[in-house]
Structures are given as C-alpha cells and as structure tokens.
Amino acid sequence: MTEMIREEQRDKTFTAAAGAIYALLKYTSRKDTYTLTDVMGLTGHAFRINIHPDDVSPAGPTMFSPTELLEKGLNNLGFTAEQLHGFPTPASPEKLEQAIRFAQETIDRGIPAIGWSLFVPEFGVIYGYDDEKQELYCSDPSKVGALAYAKLNELPMNFVFMLRITGELTVDPMKALKTSLAGIVEFARGEAPTLSDSFKHGLAGYDAWIEAFQGGHVNPFGNAYNAEVVGDAREYAVRFLRSLPERWVGDSREEAAIRSLSQEALPYFEQVAEALRIFQLHFPHPHGGEPNDPDQAAEAIKLLKTARDRETAGIAVLERLYEELNKTEQQAWDS
Amino acid sequence: MHELSILEEEDSIDEELDNGGTAAALKDEQLVELARTGDREAFGELVRRHRARALGLASTITQDGQLAEDIVQEALVSAFLHIETLMEPGRFRYWLERIVRNQAMMKLRRGGPGGRTSTFSEIAYRWGRLSEEERNECSLLDRMLFRIVERHGEAPYYETDPQARLMRKEMFEGLSELLLCLNLKERSVFEAHVFRQLSPAEISDALGMSVGAVHTSISRSRKKVQRERIRVYFQGYTAEKKREGRPTRRVLAPPIR
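Heads up: the protein sequence lines correspond to chains E and C, in order. For what it's worth, my numbering labels the leading residue of the first sequence as 23, then goes sequentially. For what it's worth, my numbering labels the leading residue of the second sequence as 606, then goes sequentially.
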C-alpha cells in the first residue's frame with residue numbers, strides 16, 4: 023500500500039533542488055528525456071545525506087553551494103547554467119533590478135529560473151513576471167503564487183539567489199552515468215565540497231545522526247525533515263537502480279556490468295529505504311515525535327545503524343561498478 | 606551639543622569668507638560644510654575645482670563633447686541637491702565623479718541626449734545608486750526627507766535656477782507620494798520623527814502613544830516607505846522597457862510540483 027502511494031507520487035520529491043531541476047527540464051527540448059527518477063539518480067540527489075551531529079539541523083540538505091546542488095547536476099543532464107551573483111537583503115533597487123532582469127531574461131527565452139527561499143527556505147521556480155503589477159510568479163514546495171518585486175528585499179533567508187539554464191550540451195549517456203557514479207561515491211565517502219565542516223555527509227552522516235541521538239539534543243523538526251528528505255531520496259535510489267537494466271540492454275561488457283551490479287546493489291538500498299520508512303513513522307514530519315525520549319532514541323539508533331550498514335554495502339557495489347566502467351574504457355584505449 | 610559646535614564652526618568660516626572671500630584657501634571638506642548651509646560661493650568654488658576633471662571623465666565615457674557638458678551640468682545640479690547625503694565631506698571629488706559616471710552610463714543606455722527628462726524616478730534611481738555604499742539606508746532616507754522639506758520651507762536662493770527648481774519640485778512631490786503609502790497615524794508618527802526630528806519619547810508625549818507603539822510604527826513605516834521606494838523605482842524601470850518596446854509581462858505555464 024505504502025509502495026503504491028509512493029508510486030503515484032513519483033513526480034514529487036522532498037529534495038527541492040532536484041524538484042526544481044526536473045521542473046525546468048519540462049520547458050526545454052529534453053522535456054521527455056528524463057523521469058524524476060533519472061534526475062534524482064544522475065544528479066546524485068538520490069544518494070545524499072548531510073547531518074549535524076549536535077541536533078540534526080534542518081539546514082543539512084542545503085548546506086552545499088548551488089554549484090553542488092544544482093549546476094553540476096544540470097551539467098550532467100546536458101545543460102549549461104549560470105548563477106546570479108547572490109546578495110544579502112535589504113539591498114538597493116539596482117541590486118533587485120539585476121535579479122529581476124536575470125529572471126526575466128530566461129523567462130523571455132521560455133525557461134523559468136530557479137530561485138532560493140522564495141516563500142520558504144527551499145529551492146523554487148520563477149516562471150513569470152509582470153512589470154505593471156511588479157510581480158514575479160513563483161512556485162516552491164510551500165505554494166504557487168505572486169511575489170512582489172519589493173518582497174525580494176524581505177525573503178525568508180534575507181538572501182537573493184537565482185540560477186538559470188543558458189544552453190544545451192550533447193551528452194553521452196555512458197559518460198553521464200559514470201559522472202554520476204563518481205559523484206555518488208565521492209559524496210558517500212564524505213569528500214564532496216561542503217559549506218560547513220560541522221555537518222557530516224555521506225556514510226559519516228549516519229554516524230553523525232546516531233551521535234545526535236546519543237547526545238539527546240535532537241531538534242524534532244530537523245530530525246523529521248532530514249528523515250523525509252533522506253528517506254524520499256533513497257526511494258528514488260531504489261527506483262533508479264531498478265531502472266538501469268531496462269536502459270542498458272546492449273551486449274557490451276559495460277552494459278552487462280551495469281545490469282548485474284545495479285541489481286546487486288539494489289537490495290541494499292531497498293533495506294536502507296525500508297529502515298528510513300520505519301524511522302519516519304517514529305518521527306513524523308513536521309512535528310517530529312519525541313526523538314529525545316530514551317526508548318525512541320534507542321529505536322532510532324538501531325534503524326540508523328541498519329541504514330548505515332546496508333548503505334555501506336550498497337555503495338561498495340556501486341564503487342565496483344564505477345571501477346568496472348572505467349577499466350573497460352582503459353582497455354579500449356589500450357587496444 | 607555636537608551639532609551646536611558644528612554650527613559655531615561654520616559661522617566662523619562664514620565670517621572668514623565674508624571678510625576676505627578666501628573660498629579658494631579652504632579645503633574641499635570645509636567648502637562642502639559651507640555648501641550644506643546653502644553657501645553659493647562655497648559650492649561655486651567646488652565647481653571651479655572639479656568641473657574640468659569631471660568633464661574629462663564624462664568625455665571619456667561618452668566620446669561626445671556636448672553630451673559630456675550636459676552630463677556634468679546635470680551632475681553638478683544633482684550634487685548640489687544631494688550634498689547633504691555626502692557622508693564624508695573630504696571625498697567630494699570622488700562622489701561627484703561617481704555621479705558623473707552613473708549619469709553618463711545612464712545616458713548611454715538611453716541612447717544619448719534627449720532620452721528623457723529628469724523625473725523623480727530617475728532621481729530616485731540615481732539616489733539609490735549613491736546610497737549603495739551607505740550602511741544604513743533608513744537614516745539616509747530620513748536625512749534626505751528632512752533636508753528637502755526644510756529647504757522647501759526656506760525657499761532658498763538657488764530656486765532661481767529653473768532646472769534646479771523643477772528637479773527639486775518633482776523630487777519633493779515624489780517623496781510626498783512615497784509617504785502616501787502610510788496610514789494617517791503612521792504618517793503623523795513618521796513625519797514627526799523624520800521631518801521634525803523628534804525622538805520616539807517626544808512623539809509618544811505629543812501623540813499620547815506608548816513609546817513601544819511609536820517604535821513599532823516607525824519601523825513599520827520605514828519598511829512601507831522602502832517598499833514604496835522600490836515600487837516607484839520599478840515604475841521607472843517599466844516605463845523604460847515600454848519606451849524601448851520590450852515586453853513587460855510574460856508568464857509561462859506553471860511548473861509541475
């Protein structure tokens with residue numbers, strides 16, 4: 023039953039950065055090229071986790087630069103992008119004009135801009151403007167609606183940031199898969215460029231999460247929110263791995279490796295997703311239950327250890343797949 | 606107390622000028638202080654010192670002698686009107702050059718002379734650009750409003766210059782318009798604070814409100830006036846786009862969520 027509901031909601035994700043990327047694709051020539059599952063997998067968002075070991079802060083998922091969260095993923099999907107030089111608010115009308123022009127120019131080309139913290143501190147989409155009414159038309163996880171130009175000076179995070187697609191690149195699907203695997207493995211090892219060392223990402227993120235439960239100062243909302251984001255991401259990881267054999271049906275050694283190793287990794291990620299599903303039931307978003315209750319904390323730690331161990335095993339398989347694909351390339355060069 | 610000592614100092618400089626007409630011997634900083642009190646001779650000396658350099662800068666940017674003359678003339682008028690916003694009197698030259706540069710760039714963007722006359726929104730545009738370095742935009746706004754209204758009441762001598770008079774009139778009307786976004790009560794509090802420079806405690810006495818309510822009202826009013834200022838700014842932006850025949854509205858299909 024749970025699985026059925028999740029299948030119906032497959033065009034949604036709690037990873038707003040990936041949701042915004044997916045929304046933008048629909049305005050480009052590649053609107054039918056990628057499913058949301060592809061986007062989650064090829065951008066690596068399906069495999070992310072970033073946890074503060076003190077309190078499981080809700081800031082975790084977005085404590086990375088826009089380059090990491092948006093631009094690299096867009097590149098791997100075959101798009102070039104540029105970022106507005108972001109600025110804190112309140113700002114002068116000229117600064118606001120720069121931002122509004124930035125959005126208007128891409129909207130005039132028929133593609134929305136991605137904006138940060140438009141209505142809530144998540145990524146959203148700016149898909150229209152009206153100079154007479156002085157309004158931008160925006161959509162984010164909290165709502166769809168008008169945002170007055172003057173309100174840019176009063177956004178929830180007091181910072182204006184936007185990103186837009188500038189062009190399309192030809193992508194080699196094999197290369198894109200390899201790039202995403204490289205990113206996934208790098209992230210799992212905690213080697214991705216991060217904005218704050220006090221947060222722990224990748225497999226170390228589970229240890230940080232366990233540490234927070236041991237410390238007893240878990241932020242109930244932050245915990246439930248991270249559980250939603252990471253749990254939802256792993257559902258997509260499962261779907262992504264499941265989809266690979268249908269995509270790579272060729273006889274080459276690489277494609278055979280993709281089919282067999284993705285299916286070897288699959289059960290591990292299914293177990294991660296299942297552990298996080300139970301975890302979410304204990305700490306429902308948004309109120310978050312009682313994470314600092316000792317019994318609840320003990321249960322949480324048990325589930326997080328399971329998730330960590332299964333993910334460690336799953337990542338090891340994906341790493342083998344990555345090596346396999348590169349080895350093949352090397353041999354091709356040699357011959 | 607501090608203000609009083611400044612006044613005394615200015616008086617003594619005034620005397621010096623009256624006696625010997627030695628404006629040329631004063632530093633820029635002192636001339637700016639005098640110009641702020643409405644001393645035409647002091648401003649004239651500033652113009653004499655910096656006009657050539659400003660003209661050179663405008664000519665370099667525009668590559669057009671006549672346009673450069675116009676730009677410098679307008680920049681000087683603008684500088685005179687805004688001299689009270691100059692926080693560091695010793696930096697007059699750089700400030701004037703920035704006004705010249707901004708006006709030159711704006712003229713170029715608008716496609717040369719006759720692009721449009723000075724309107725409030727344009728002044729507000731320039732003003733906004735000048736204020737970018739200011740730490741506290743609110744206090745700048747306060748000072749601007751205060752000085753302009755004060756001068757309006759005095760009907761000072763430079764109103765004999767028709768261009769300056771027109772610009773000032775439009776600016777004053779524009780600023781009054783800005784305050785229309787406030788309700789009656791907010792307006793009386795804001796005007797008492799800004800125009801008459803009363804402290805929240807004095808306003809609270811005069812209007813029979815609590816000091817807390819006065820603070821809240823001032824802060825809410827500032828926010829409203831700031832929004833209004835942005836709104837006026839973007840009216841200019843929209844008008845410019847329309848003149849250029851560019852679209853002012855485009856709404857794509859709402860994205861999937």
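Beta carbons: idealized from backbone N, C-alpha and C, even for Gly. Everything numeric in this text was worked out from a predicted model, so none of it was measured.
Pair within 8 angstroms by beta-carbon distance, residue i and residue j
i	j	result
E:E154	C:T853	yes
E:L283	E:V207	no
C:I688	C:V637	yes
E:A42	E:G167	no
E:G224	E:I323	no
E:T192	E:E104	no
E:P182	E:T111	One point to set straight first is that residue 182 of chain E is Val, not Pro, in the sequence displayed. Yes, the pair counts as a contact, with Cβ atoms nearer than the cut-off.
E:P267	E:Q293	no
E:V78	E:V240	yes
E:I337	E:A259	no
E:G253	E:Q302	yes
E:V61	E:L99	yes
E:E276	E:L203	no
E:D76	E:A234	yes
Cα-Cα separation, residue i to residue j
i	j	result
E:G132	C:K829	33 angstroms
E:G150	E:A121	13 angstroms
C:I808	C:S826	15 angstroms
E:I232	E:K327	8 angstroms
C:D675	E:F124	32 angstroms
C:A640	C:E796	26 angstroms
E:F86	E:P178	18 angstroms
E:K48	E:A135	12 angstroms
E:L199	C:R696	58 angstroms
E:A81	E:D219	13 angstroms
E:K117	C:E791	28 angstroms
E:D331	E:A295	12 angstroms
C:I704	E:A113	19 angstroms
E:N97	E:P242	36 angstroms
E:R186	E:I280	33 angstroms
C:A657	C:L713	21 angstroms
C:T843	C:G850	10 angstroms
E:E119	E:M184	13 angstroms
E:L174	E:W138	11 angstroms
Secondary structure of residue i, DSSP reduced to three states
i	result
E:H304	helix
C:T853	coil
C:H820	helix
E:Y56	coil
E:Q156	coil
E:K34	coil
E:G253	helix
E:T84	helix
E:V240	coil
E:Y49	coil
E:R131	coil
E:I71	coil
E:A214	coil
C:T765	Caution is warranted here: a pLDDT of 49 is assigned to C:T765, below 50, making its placement in the model unreliable, and no coordinate value can be reported.
E:T201	helix
Min CB distance residue i to chain E below 8 angstroms
i	result
C:V830	no
C:L857	yes
C:I861	yes
C:R854	yes
C:T843	yes
C:F795	no
C:I704	no
C:R834	yes
C:K712	no
Any chain C beta carbon closer than 8 angstroms to residue i
i	result
E:Y56	no
E:V251	no
E:M196	no
E:S161	yes
E:A45	yes
E:E119	yes
E:A172	yes
E:Y151	yes
Assigned exposure category for residue i - 16 Cβ within 10 Å defines buried
i	result
C:Q668	exposed
E:L217	exposed
E:N180	exposed
C:S815	exposed
E:L46	buried
E:H309	exposed
E:H67	buried
E:R261	buried
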